[in-house]
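Have a look at the structure below, then the notes.
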Amino acid sequence: MEGGRQKCELLKALEALKKASKEIEANPVGAAEKGDDGCDSPSMKALLQLQSGSCDLLSGDPQLTNLSDLLNRLRCLASSIRSPSCRDDGECGRSCGGNGGILGSIRWLRSSHSHEISRVAGSIGAEIQSWIDRESADRLVSALRSISPFVARGEEVEEEEEEEGEALVRALQARISQGFDRGLQDVLLRSGAFAAVESALADVAAPKRVRECAATAVLALVRFNKAVFVGPVLMGPTVGALVSMSSASASATALRALNGLIRAIRSPLVDELHARGQIPRLVGLLGGSVAVEVRILALDWALEIGYFGRKEAIDAMIAEGLIKRLTALQRSDLGDALIEMDGGGRGAVPVGQLRWGRGVGKEERQFLEARPFASCVSRWAVQVEVGEGLRQREKREIKREVVARVREAAASEAEAATALAEVLWGSTLW
């Protein structure tokens, strides 16, 4: 724990130094010149103290060599811009006048030095960020691994350990959500951060909060760089862990992460779900005994599979009673038929526009928020119709199957007529 606190203090200090480098980058001349009291600006003082007071630290770590060189360069530039030869003093201004001659040379020299100080400060900030990334990744891996001994012994994880693990995973997610960074990617790969996060997600005995944070972090890592992290997701325990958490624990966070992964990875992940026999477990989440939030997310999952899934996956969903479950949801208090939105058919929402939100006004959106299962049968059918997983012949076959299943599942002729009207003509409004 003592080592963890020391790392935390180091990270706080590095964040302060990064802030100082940004201030110098934004105002190089003001930061480089001494104030009226003859002292350096706070930002310049902080970086120069790092250069002079941490020589052993910087020189002893090969990864900090560039930072050490940049700090030496910054000290030289700051000294140069303060030198008499680089100052526009009154005597020089009176004797030279205008913009040429010595005065022009001085101004050019100061401008050149200020641009170089700004550039060097920016590079220092980047090096400090890399340092922060390395320390943060090491701390994350260490914290997640420290949870394992508690789990292995069957003991309850200490609250402090759980909170630290959760906070560090959230910090990782926030960092990678800033956009792609090759240096950060190298740090993550070298430190084994993905493996540590995936291990925490897959550990059924780990705290639920940590597992849910890990689920969200895995999605963020895939979005960060699909080329690197999609393979491990498809081959590792992530998919099974997310399905298990969604179905056994009714975790909305896990199901939301799974939906995000399907949108990011598309058909390959749907194929993996089908190959592992996970589709029936997820269709079961559309049942009436499941929490409403989870059922809404399960409907989103079904819509995603309908769009990206190949015929085998679609057939598996239908065989598991998908249409019957969707019909029941549409019949529930949170369902309705969009073509009957105002009781007279006026202002109805074209079903085919719902997937991407085109043409849906404020009134329709409010209606869907109040009744999330409205027209869910036809919404799923439209997804299959316009999706990218099936051939045209297969789409026609699925549509005929949906029509037959709707007739079987409907509680009345009126309900069947309304649902079939949306299924048969919903996609033509796309």
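Its first residue numbered 59, the sequence shown is counted upward by one per residue in my numbering. Backbone N, C-alpha and C define an ideal beta-carbon position, used for all residues, glycine too.
Per DSSP, the unbroken alpha helix (DSSP H) holding PRO326 starts and ends at 325-333.
For the options ASP119, SER79, PRO120 and GLY88, the alpha carbon positioned closest to that of LEU129 is the one of SER79.
Approximately 5 Å separates the beta-carbon atoms of GLU224 and VAL268; this is inside 8 Å, confirming the contact. Assigned with DSSP and collapsed to three states, ALA467 falls in helix.
Distance between SER194 and LEU279, taken at the CA atoms: about 15 Å. The beta carbon of VAL461 is closer than 8 Å to those of LEU478, VAL481 and LEU482 in its chain, skipping five residues each way along the sequence. For the 9 Å CB-CB criterion, LEU226 and ASP191 do not form a contact. Looking from the CA of ALA322, the closest CA among ALA232, LEU292 and CYS434 belongs to LEU292.
Taking 3 residues as the shortest admissible run, the segment 241-265 contains no complete beta strand (DSSP E) segment at all.
In the DSSP annotation of this structure, the continuous segment of the alpha helix (DSSP H) that includes LEU380 starts and ends at 380-389.
DSSP, reduced to helix, strand and coil, places LEU319 within a helical segment of the structure shown. Nearest neighbour of ALA258 by Cα position, chosen from ALA472, ARG451, GLU219 and PHE282, turns out to be GLU219.
ALA299 sits close to ALA312, with the two beta carbons spaced by under 9 Å. The residue from ARG353, ALA374 and ALA349 with its alpha-carbon nearest to that of VAL328 is ALA374. Here PHE366 has ILE320, ARG324, SER325, VAL328, GLY445, GLU446 and GLY447 as same chain residues with Cβ atoms under 7 Å from its own Cβ, once five neighbours each way along the sequence are excluded. If you look at ASP373, you'll find it in the alpha helix (DSSP H) that goes 369-377. In the structure shown, GLY346 falls within a coil segment according to DSSP collapsed to helix, strand and coil. Ranked by Cα distance from ALA333, the options VAL297, GLY342 and LEU344 are led by VAL297. Secondary structure of ASP394 (DSSP, three-state): coil.
Residue nearest to ALA432 within the set LYS77, ASP391 and GLU455 is ASP391 (criterion: CA-CA distance). By the beta-carbon neighbour count (other beta carbons within 10 angstroms, threshold 16), ALA136 is buried. Buried is the label assigned to PRO86, since at least 16 other Cβ atoms lie within 10 Å of its Cβ.
Going by beta carbons, ALA273 and VAL199 fall outside the 9 Å limit. Contact check for ALA179 against ALA71 fails: the beta carbons are separated by 9 Å or more. Membership of ALA308 in any alpha helix (DSSP H) is not indicated, and neither H nor E is assigned to it by DSSP. In the three-state reduction of the DSSP assignment, GLN236 falls in the coil class. In the DSSP annotation of this structure, the continuous segment of the alpha helix (DSSP H) that includes ALA285 starts and ends at 284-293. In the structure shown, the three-state DSSP call for ASP119 is coil. Counting along the chain, GLN441 sits inside the alpha helix (DSSP H) bounded by residues 434-444. A direct Cα-Cα distance of roughly 16 Å separates GLU217 from GLU270.
Bounds of the alpha helix (DSSP H) holding LEU340 are 337-341. A direct Cα-to-Cα measurement between PRO100 and ARG133 gives close to 14 Å.
Going by beta carbons, ALA308 and VAL350 fall outside the 9 Å limit. Assignment of LEU482 by DSSP, reduced to helix, strand and coil, places it in the helix class.
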